[in-house]
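Protein chains in written order, with this note's numbering: chain F, 1 to 115; chain D, 1 to 117.
Right, here's the structure in full:
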């Protein structure tokens, strides 16, 4: 019963390095989301996708890119890591359609430090 | 503008006390959804409840209860007879259902609840 799986769980990057945070869900959910959570703060939406091949910006997209080639996978890429991107990153998925708004299911998070 | 406000940053109680978490939201939509999530010290986010804007009935689930009042745009959460395991950060979130909003969640800043033995 995997749900939403995020890898890696922890990562330390040097300034300017690139990396991809992986997210996979096995619930056949059409909607997927990436959030970041800074210390003492709520979650802020980075990017989201309403289905394979469709992505859109959230509240804080700068410095990130996403792709959604399959229903299951929604990777988040950091191209040039900056200290301001030190955060905990959560991936989530949900099934949403006309008149239906199901709860988002979250992965366990990726703790990322940029030094 | 902040769509979800959780005015209480931290609440500390002694075990068996009741604790109420406030959540005030702002939206122009007539149809919307409200959620509460729990984030224990281990860090994962656990879904607790979803309520749509047409259902103002209060709900009780075990020691948890929710009071939804559209007139004051509030969706408050009460833990009765708190236990140490209730120690966590609790988030209130709003999903606005107009099509262009794509069911995105707007989170409050969270309330940290500490229950002392």
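Positions of the beta carbon are idealized from the N, C-alpha and C atoms, including for glycine.
Nearest-angstrom Cα separation, counted from residue j out to residue i
i: residue 51 (chain F); j: residue 59 (chain F); result: 19 angstroms
i: residue 7 (chain D); j: residue 104 (chain D); result: 22 angstroms
i: residue 65 (chain D); j: residue 37 (chain F); result: 26 angstroms
i: residue 59 (chain D); j: residue 107 (chain D); result: 21 angstroms
i: residue 99 (chain F); j: residue 61 (chain D); result: The pLDDT assigned to residue 99 (chain F) is 47, lower than 50, so where the model puts this residue is not dependable; a value taken from the coordinates is nonetheless given after this. Straight-line Cα distance between these residues: approximately 25 angstroms.
i: residue 30 (chain F); j: residue 14 (chain D); result: 43 angstroms
i: residue 79 (chain D); j: residue 91 (chain D); result: 14 angstroms
i: residue 85 (chain D); j: residue 102 (chain F); result: 26 angstroms
i: residue 74 (chain F); j: residue 56 (chain D); result: 35 angstroms
i: residue 67 (chain D); j: residue 33 (chain F); result: 28 angstroms
i: residue 72 (chain D); j: residue 54 (chain D); result: 14 angstroms
i: residue 118 (chain F); j: residue 20 (chain F); result: A question about residue 118 (chain F) goes unanswered here, because the residues of chain F that appear run from 1 up to 115.
i: residue 94 (chain D); j: residue 12 (chain F); result: 32 angstroms
i: residue 25 (chain F); j: residue 74 (chain D); result: 33 angstroms
i: residue 3 (chain F); j: residue 89 (chain D); result: 22 angstroms
For residue i: DSSP bridge partner residues
i: residue 50 (chain F); result: Answer is none; residue 50 (chain F) lacks a bridge partner.
i: residue 21 (chain F); result: F:76
i: residue 32 (chain F); result: F:49 and F:93
i: residue 74 (chain D); result: D:24 and D:69
i: residue 15 (chain F); result: According to DSSP, which records beta bridges pairwise, residue 15 (chain F) is partnered with nothing at all.
i: residue 113 (chain D); result: D:11 and D:88
i: residue 39 (chain D); result: D:89
i: residue 52 (chain D); result: D:33
i: residue 5 (chain F); result: F:24
Residue i CB to nearest heavy atom of the ligand NAP below 7 angstroms
i: residue 76 (chain F); result: In terms of ligand content, the structure shown is empty, and the ligand NAP therefore cannot be addressed.
Chain-ordered chain D contacts of residue i [CB-CB under 8 angstroms]
i: residue 108 (chain F); result: 43 and 44
Beta-carbon neighbours of residue i, restricted to chain F and to distances below 9 angstroms
i: residue 47 (chain D); result: 103, 104, 105 and 106
i: residue 35 (chain D); result: 103 and 104
Cross-chain neighbours of residue i in chain D, by beta carbon under 7 angstroms
i: residue 42 (chain F); result: 91, 107, 108, 109 and 110
Within chain F, the residues that residue i reaches when beta carbons sit closer than 8 angstroms
i: residue 51 (chain D); result: Result: empty, since nearest Cβ-Cβ is about 11 angstroms, beyond 8 angstroms.
i: residue 104 (chain D); result: 33, 45, 48 and 58
*Using 8 angstroms as the Cβ pair cut-off and three pairs as the minimum, do the stretch 10-29 of chain D and the stretch 76-90 of chain F touch?*
no
*Taking three-plus beta-carbon pairs below 8 angstroms as touching, is the stretch 29-46 of chain D in contact with the stretch 60-75 of chain F?*
no
*Compile a chain-ordered list of the residues in the stretch 44-57 of chain F whose CB is closer than 8 angstroms to at least one CB of chain D.*
44, 45, 48, 50 and 56
*Going along the stretch 77-90 of chain F in order, which residues come within less than 8 angstroms of chain D, judged by CB to CB distance?*
88 and 90
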